[in-house]
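Working notes, structure below.
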Amino acid sequence: MPRITITSVFVDDQEKALRFYTDVLGFVKKEDIPLGEARWLTVVSPDNPEGTELLLEPDGRPAAKPFKQALVNDGIPFTMFAVDDLQAEYARLRSLGVRFVREPAEMGAVVVAVLDDTCGNLIQLVQRV
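Each residue of the sequence shown is one higher than the one before, counting from 7 in the working numbering.
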């Protein structure tokens, strides 16, 4: 059966994205391989360094920017990250200046919040209750 090993998020600036995803969200850099003007740049959860990698992929391809903008315009998160305590994570991230477009809200068996990753994406945080 296939496994998810890498997923990606399009970013407008890889260095800015790396700072946000590591310094703010708390991921750790796993791979950083130069590929001409861009890099193969991935981050992972510090709790699972051999787990699924998130590729911080440049959004320079023609379809990427309009795709990202359409998602933002419709309020649709690009991807989702699980947290154990959404209220605590929301408070921590707000104290670091993260802008949320949706404050924590219960939705059935989960609590969700949506943040702006500063790289052109909305990211949803989710906690199962």
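Glycine included, each C-beta is placed from N, C-alpha and C at the ideal position.
Since this is a predicted model, take the numbers as computed values, not measurements.
Close beta carbons around residue i, own chain, < 8 Å, minus the five adjacent residues each side
i, result
"residue 126", "16, 17, 18, 65, 71, 74, 75, 78"
"residue 106", "96, 99, 100, 119, 120, 121, 122"
"residue 49", "24, 27, 28, 33, 34, 35, 36, 59, 60, 62"
"residue 112", "135"
Residue i classed as buried or exposed, judged by whether at least 16 other C-beta atoms fall within 10 angstroms
i, result
"residue 34", "exposed"
"residue 20", "buried"
"residue 129", "buried"
"residue 41", "exposed"
"residue 63", "buried"
"residue 102", "exposed"
Closest Cα partner of residue i within the set the options
i, options, result
"residue 133", "25, 40, 87", "87"
"residue 11", "68, 58, 108", "58"
"residue 90", "46, 56, 135", "135"
"residue 94", "7, 43, 131", "131"
Expected contact under 8 Å - CB spacing of residue i and residue j to nearest Å
i, j, result
"residue 92", "residue 68", "Going by Cβ atoms, the distance from residue 92 to residue 68 rounds to 36 Å, so no, they are not a contact pair."
"residue 14", "residue 60", "7 Å"
Residues near residue i in its chain [Cβ-Cβ closer than 6 Å; skip 5 each side]
i, result
"residue 31", "none"
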